[in-house]
Structures are given as structure tokens and as C-alpha cells.
Amino acid sequence: MMRVLVAGGAGFIGSHTVVKLVEAGHEPIIVDNFSNSKPVVIDRLEALTGSHLTWYNADLTNREITEAIFTQEQPDAVIHFAGLKAVGESVEKPLWYYETNMNTTFNLLHGMATAETRHIVFSSSATVYGNNPIPFQEDMEAVNSLSPYGYSKVAIERVLTDTAKVADIQVGLLRYFNPVGAHPSGTIGEDPLGIPNNLMPAIASVATGRREKLYVFGTDYPTPDGTCLRDYIHVQDLAAGHVAALDYLAAHDTKVRAWNFGTGQGTSVLELIHAFEKASGLTLPIEYAPRRDGDRDAFWADASRAKIELGWTAEKTIDEMCADTWRFQQANPEGYPDGDPISRPAQL
Ligand code: NAD
Ligand code: WQD
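Going by my numbering, the first residue of the sequence shown is number 765, and it counts up by one from there.
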């Protein structure tokens, strides 16, 4: 059993990972400032796990508060989801992105030193591979500097790697491809604030009538149907991968290791839309639009390293990703509600 501080644990991927941690016998400690999530998620997680969860409403860019939480909780491990993630917004507000994503990382590392926490796994991204040839493999150079968001992931990987050379810590760099889906209960899922940028949230907002139509960005790519190919991964599989990575670090001497979390398969924009239409029984209004700046025509993971080393593979299909997203959307057509009572008070 490990006590795992889950930084950003109320967010999309963090919340699903909290459930998997409890199921695997670990004890999560959620720290989130709810800048891109809602406190009601804590209630939903307590209902799903049937357990009382320790949680902090705290900003991890504040070093003092972060260190106080580590002193209090003495975690064995950290999962670091806490940061900002909208690629386009990062171009508009680079300093805010660098400040938030770097400072949460610095403070978590200081906190780990305070509590002698040994393990950290970090939410990196396929975006670090930039223009490398596909499929992306972990030993390719992680160099993408196309957006401040992408570059913050490259920089954080470097900070963690350099720190591990001198500190008694072990680091997992988890490079996610395109996470979608929701918990099969329909009680937790992806609920982005504002206008969604990513494809599945955009589909979901059209399906629930929050947006009028779906724009398909680019139809003349050199792919079978002319739309971009991506490696969509179910958030439940991704969440399970975090537990596998932590267990691996705890059982090995590895100092720093990167793992791709993808399925190894590309799915086109139109294929994903059609799969969602099948799952929901809806016909979505579509408008073909010009290419979106900065999009690559196709990328997917070489997922063999995680399979060999972690014994982890993504199992869920595109149809399951769509069905589970739709179930969450139907149960929460306006997203998570504001201001539900919190079943247990925050710490601090
Ligand atoms: P999310 O926004 O749902 O989750 C991030 C959580 O961190 C949110 O709950 C937010 O409130 C919290 N947070 C942000 N700043 C904070 C701060 N200063 N202090 C405390 N908490 C803070 O995003 P997600 O989709 O769950 O992504 C989690 C991580 O995975 C992010 O680092 C993201 O960059 C990375 N990632 C996401 C994707 C994706 O497509 N969703 C792909 C690759 C990598
Ligand atoms: C997928 C495809 C769009 C919206 C981004 C980040 C990446 C990672 C995952 C965090 C593209 C098309 C989209 C829409 C569309 N995140 N699309 N209409 O661009 O692969 O990756 O999210 O690390 O770093 O860059 O994902 O979901 O935005 O787009 O046609 O309304 O869907 O053009 O081809 P992407 P996405």
C-alpha cells in the first residue's frame, strides 16, 4: 500500500486515477485548487470508492502550502496532473502556462524532499515528440517546442530527470496520447470549462445541444478519409496505467523512465464522430472547415514498452470510449453542478 498524493486529482484523468488507486489498495490524497474542476467531484469519488477521501483545496504554485501538505501527509508517491493544458490558450498566455506548470512541479519536488517521498509519475504528453516519425517511441528525442504548453512538458521532463540524478527519487514520465471516455458509472468524466478545444469534448457539447455544430478541421490530409488520425485512449485504461507505473517504480531501481500510454492505433476524426453517432443514436451536424494551425496529419504510439515493462495494455475500444462519454454526458448534460455539498471538509 502506498500513500499517493494526487496533484490535480479532481480533474479528468486525476479523478479516474483516484478510483483505480483505491481499487488497487493504495491511499490517495487529493490536492486540487479546482481551477479546472469542481468540488462535487470529491463527493462523486467518495460514492464510487465507498471510502472517505483526504483532500485539500490548495494551489500547488504556493510553495509554503505545498510543503505543509507534504509535512502533514508524508506521502510515499506523487502523481502530478496539476497544470494547465489548452494548447491554443498557452500561445496566448505563455507566462501563465510556464508559471503554473513549472511552479507546481518545483513545489512538488520541494515537498517530496521535505517528506522524503521517493516516487513521482508525471502527466507528460505525446506532444513532446513533435515532428518525429510515427509511431512515436520513447527513446526518440522529446523536443517539441511548437507551443508553450508542449514546451512546458519538455521542460518538466528535463527538470524531473536532472533532479533524479542527484536526489533519492524515481521518476515515471507518462506520455499520454489522446485521452477520452469516462468511468462506466457515468458519474465522473471530462467536463472542460469554457469552449472545448479537443475533439471528444467538442463532439459531446454538440451531442448535448450546448453547441450547434461540429467543425471538422481539415479534410485534405494524406490519410484514408482525409481527416487527421489520432491514438485515442480510454481514461480508464490510462488511469490503470498510472497504478502500474507506480508499482513498477516501487519494485525496481529505475531512476527515470518514459512510457507511452496509447493503443498503438490511429483513428480518424470522421471515424470517431461516426462511432459516437452509433453509440448515441444521434446524427451530429457537421461542418467541414479549414485545417487547424499546428495539427499533424497523423500520430500514434508504439505502445510496446509499457506492455513489456509494466504489463499494461489499453484494452477498451473506440466504441466503449464513445458509449462511456455519452453516458456521462447524458447524466451531466450541463457538466458537473456547482456548489453541491462536500461530504467531508477539506484539510488545512
Ligand atoms: P484537468 O484540467 O481536468 O486536470 C488538471 C487538474 O489540475 C484540474 O483539476 C485543475 O483544477 C488542477 N490544477 C491546475 N492548476 C493547479 C494548481 N496550481 N494547484 C492545484 N491544482 C491545480 O486536465 P486532465 O485532462 O485531467 O489532464 C491532467 C494532466 O495530464 C495535465 O497535466 C495535462 O497537461 C496532462 N495531459 C492531458 C491530456 C489530455 O488530453 N487530457 C493529454 C496529455 C497530457
Ligand atoms: C484531434 C483531432 C483536430 C476539435 C491535443 C494536444 C495534445 C494532447 C491532446 C495534451 C485534430 C480535430 C478537434 C474539433 C476537429 N493534450 N478536431 N474539430 O490536437 O491531437 O492533441 O490534445 O497534452 O498535446 O495538442 O487533440 O482533440 O484537439 O484534436 O476536427 O472541434 O480532431 O483538428 O485533427 P490533438 P484534439
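Think of the CB as a built atom: it goes at the ideal place given N, C-alpha and C, for glycine as much as any other residue.
Source: prediction; values computed, not measured.
beta-carbon residue i near ligand 2 non-hydrogen atom, thresh 8 Å
| i | result |
| --- | --- |
| Lys1113 | The chain is shown only over 765 to 1112; residue 1113 falls outside these bounds and no answer can be derived. |
| Pro960 | yes |
| Tyr862 | no |
| Gly914 | yes |
| Gly982 | yes |
| Leu824 | no |
| Leu978 | yes |
| Leu1074 | no |
| Arg808 | no |
| Ala946 | no |
| Val851 | yes |
| Arg1056 | yes |
| Leu963 | yes |
| Thr1027 | no |
| Asp1113 | What is shown of the chain runs 765 to 1112, which leaves residue 1113 out entirely. |
| Arg1069 | no |
| Cys1086 | no |
| Ala966 | yes |
| Arg994 | yes |
| Asp1059 | yes |
| Val855 | no |
Contact check, residue i vs residue j, beta carbons under 9 Å
| i | j | result |
| --- | --- | --- |
| Ala1070 | Asn1024 | yes |
| Asp840 | Arg882 | yes |
| Val885 | Ala1009 | yes |
| Leu1013 | Arg1021 | yes |
| Gly973 | Gly982 | no |
| Val805 | Ala774 | yes |
| Ile793 | Glu831 | no |
| Asn865 | Lys917 | yes |
| Glu976 | Pro1049 | yes |
| Gly953 | Phe776 | yes |
| His998 | Lys1080 | yes |
| Met964 | Leu1046 | no |
| Arg939 | Ala850 | no |
| Ala906 | Glu921 | yes |
| Ala966 | Tyr979 | yes |
| Asp1059 | Cys992 | yes |
| Ala1003 | Trp1090 | no |
| Leu848 | Tyr861 | yes |
| Asn961 | Asn942 | no |
| Gln1000 | Asp1088 | yes |
| Ala890 | Asp807 | no |
| Pro897 | Gly1028 | no |
| Gly1099 | Asp955 | yes |
| Glu787 | Arg767 | no |
| Phe834 | Met876 | yes |
| Gly1026 | Ala971 | no |
beta-carbon residue i near ligand 3 non-hydrogen atom, thresh 8 Å
| i | result |
| --- | --- |
| Glu954 | As for ligand 3, it is missing from this structure, which binds only ligand 1 and ligand 2. |
Near ligand 1: residue i beta-carbon under 8 Å from a heavy atom
| i | result |
| --- | --- |
| Leu848 | yes |
| Ile1113 | The first residue shown for the chain is 765 and the last is 1112, placing residue 1113 beyond what the model contains. |
| Gly772 | yes |
| Ala890 | yes |
| Pro943 | yes |
| Thr868 | yes |
| Val918 | no |
| Asn865 | yes |
| Val795 | yes |
| Tyr1100 | no |
| Asn908 | no |
| Phe900 | no |
| Tyr940 | yes |
| Phe798 | yes |
| Ser801 | yes |
| Phe834 | no |
| Phe1113 | With the chain covering 765 to 1112 only, the question about residue 1113 has no answer from this structure. |
Just list the alpha helix (DSSP H) runs in the stretch 917 to 1000, keeping only unbroken ones of 4 residues or longer that don't cross its boundaries, in chain order.
963 to 971
Do the stretch 861 to 876 and the stretch 839 to 847 meet, that is, are 3 or more Cβ pairs less than 8 Å apart?
yes
Segment contact, 8 Å Cβ cut-off, at least three pairs: the stretch 850 to 863 with the stretch 803 to 818:
no
Three Cβ pairs or more, each shorter than 8 Å: is that satisfied between the stretch 1094 to 1105 and the stretch 1034 to 1043?
no
With contact counted as at least three CB pairs below 8 Å, one residue from each stretch, are the stretch 942 to 961 and the stretch 1076 to 1087 in contact?
yes
Ignoring anything shorter than 4 residues or poking outside the stretch 1023 to 1100, list the alpha helix (DSSP H) runs there in chain order.
1033 to 1044, 1082 to 1095
Residue ranges of each beta strand (DSSP E) within the stretch 793 to 854, 3 or longer:
818 to 821, 841 to 844
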